[in-house]
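Visitor: First the structure, which I've put down as structure tokens, then a few questions once you've had a look.
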Amino acid sequence: MDSRFIRSISSSRCDGKSGNEMNKCDEETSQYPFVSILSMRGGDGHNSYSTNSVLQRRVLSMTKPILVKNTKEMMTNLDFPKCIKLVDLGCSSGQNTFLVMSEIVNTINLLCQEWNQNPPEIDCCLNDLPNNDFNTTFKFLTFFNDKLTSKKPCFVSGVPGSFYSRLFPRKSLHFVHSNYSLHYLSKVPDKLEKNKMSLYITSSTPSSDHKAYMNQFKTDFTTFLRMRSEEMVSNGRMVLTLIGRKTLDDPRYRDCCHWLTLLSDSLSDLVSEGLLSASKVNSFKVPFYDPNEEEMKEIIRNEGSFMVNDLETQMFDLGLSNEDYGLQSARAKTGGKEANCIRAVTESMLVAHFGDAINIDTLFEKYAHHVSQHASCKNKTSVSLVVSLIMK
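Using our numbering, the first residue of the sequence shown is number 1, and each one after it goes up by one.
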């Protein structure tokens, strides 16, 4: 199958608004620079996301059964459309997005063979923020073509823009996928209290701050669902995977090896060594929220456009679980790999906030050390939430 062309579609719409409402939305967004810089590190070098996205690849492998199941159900319920439009929201850079797309396309083509149906033309749309390194992604088109089992034309598009806004024409999408993107918020919540040396929720976080993060996620995820409901056909499918948390008595509790806890600890190390300003660290907050199953189901139910088809909680393992944590050399190796993964995800945010004041190499040396110190932690609060939705 040939990917016949690549096109880039520009979208400046904000939450489906227009005119004066759009200008107001743009002004509000500009107050929160994380909206436009939440892109993974580009390129294909040692510290790039493309090189350091093994975790996301493992997650894709674990979610494959749900992806295949919903692809088949979508095709049969829609009576084998002649043209299918797929989208990967938050595709980032590298080959992972093509692993997803090839799985969906091959499932469609195999099902058509089994049912003696003509395979459809397929439009594969790759979405991320405008700062995303789409060029590195498109370098993997040959990899994509090699994984496909049919010679039927397949069209690949780049679609820059926030998935918290409208991105596609009404009733045009058949299948939507997103992996490890929706836990990022459209902005840092407003009016957070001064919670020193903590860039996210911890047990010591004021309850008002936790509520602010939770409400921001509710607002953003509701907007996401509303935008997709306008863009998707009836009986279309979504498969969404994001970092969530186990349901615990204290919704503010995050374990000692939570990736953002370790990043907080690493920044604090730089402050204690006089390498970074305490006030600058105190003002750095990550636009992230890890919901539990109940919160997800409540938002989906209240928004009302989708039915939950599958909802699973799967293991979240940032490190390599088969490492021998008893050996110091193995712990150091694992710490370095995890540090590289987090660096690829957070470097753009850190540089945008701290500028030249921060030494990224030193920060993630500290991070790797903290990972090795907590490598044997078993009481982890983070999980992967996988939900498939049917458009009503």
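Every residue gets a Cβ at the ideal spot worked out from N, C-alpha and C, and that includes glycine.
According to the Cβ coordinates, are Pro-107 and Thr-71 closer than 9 Å?
Guide: With the sequence shown as reference, residue 107 is identified as Thr, and Pro is not the correct amino acid for it. Contact flag set, yes.
Visitor: Exposed or buried, Gly-355, counting other C-beta atoms within 10 Å across all chains shown (16 or more means buried)?
Guide: The residue is exposed, with fewer than 16 neighbouring Cβ atoms inside 10 Å.
Visitor: Does the Cβ of Ala-375 have 16 or more other Cβ atoms within 10 Å, making it buried, or fewer, making it exposed?
Guide: With 16 or more Cβ atoms within 10 Å of its Cβ, Ala-375 is classed as buried.
Visitor: How would you write the range of the beta strand (DSSP E) that Phe-155 sits in, first residue to last?
Guide: Taken as a continuous stretch (DSSP letters only), the beta strand (DSSP E) holding Phe-155 covers 154-160.
Visitor: According to DSSP, is Phe-134 part of a helix, a strand, or is it coil?
Guide: Helix at Phe-134.
Visitor: Is the beta carbon of Gly-161 sitting closer than 9 Å to the one on Pro-189?
Guide: No; because the gap between Cβ atoms is not below 9 Å, this pair is not in contact.
Visitor: How is Leu-86 classed by DSSP in three states: helix, strand or coil?
Guide: Three-state DSSP puts Leu-86 in a strand.
Visitor: Is there contact here, the stretch 213-222 with the stretch 45-65, by at least three beta-carbon pairs under 8 Å?
Guide: Verdict: no, contact absent.
Visitor: Closer than 8 Å to a non-hydrogen atom of the ligand MN - does that hold for the CB of Tyr-49?
Guide: The ligand content of the structure shown is nil, which means the ligand MN is not present either.
Visitor: Helix, strand or coil for Asp-128 per DSSP?
Guide: Three-state DSSP puts Asp-128 in a strand.
Visitor: For a test of the three-state rule: what should DSSP assign to Gln-314, helix, strand or coil?
Guide: Correct three-state label for Gln-314: strand.
Visitor: Kindly indicate the opening and closing residues of the beta strand (DSSP E) around His-177.
Guide: From DSSP, the beta strand (DSSP E) with His-177 extends over 173-179.
Visitor: Give the straight-line distance between the Cα atoms of His-370 and Arg-245, rounded to the nearest whole angstrom.
Guide: C-alpha separation (whole angstroms): 21 Å.
Visitor: Note the first and the last residue of the continuous alpha helix (DSSP H) segment covering Arg-226.
Guide: Where Arg-226 is concerned, the enclosing alpha helix (DSSP H) stretches over 207-231.
Visitor: Would you kindly check if the distance between the Cβ of Tyr-367 and the Cβ of Leu-262 is under 9 Å?
Guide: In contact: Leu-262 and Tyr-367 (Cβ atoms closer than 9 Å).
Visitor: Can you name the start and end residues of the alpha helix (DSSP H) that Met-296 belongs to?
Guide: Residues 293-303.
Visitor: Can you tell which of Arg-166, Val-345, Glu-365, Gly-304 has its C-alpha closest to the C-alpha of Glu-230?
Guide: Residue Arg-166 is the option with its Cα nearest to Glu-230.
Visitor: Taking the alpha-carbon positions, what's the Ser-198 to Arg-170 distance?
Guide: Going by the C-alpha atoms only, they are around 42 Å apart.
Visitor: DSSP on Glu-273, reduced to helix/strand/coil?
Guide: If DSSP states are grouped into helix, strand and coil, Glu-273 belongs with coil.
Visitor: Since Ser-203 sits in a beta bridge, which residues does DSSP pair it with?
Guide: Note: Ser-203 sits in no beta bridge, so no partner.
Visitor: Note down, in chain order, each residue of its chain lying with its Cβ closer than 6 Å to the Cβ of Asn-282, except the 5 sequence neighbours on either side.
Guide: Cβ within range, chain order: Lys-196.
Visitor: Mark Trp-115 as exposed unless 16 or more other C-beta atoms lie within 10 angstroms of its C-beta, in which case mark it buried.
Guide: It counts as exposed.
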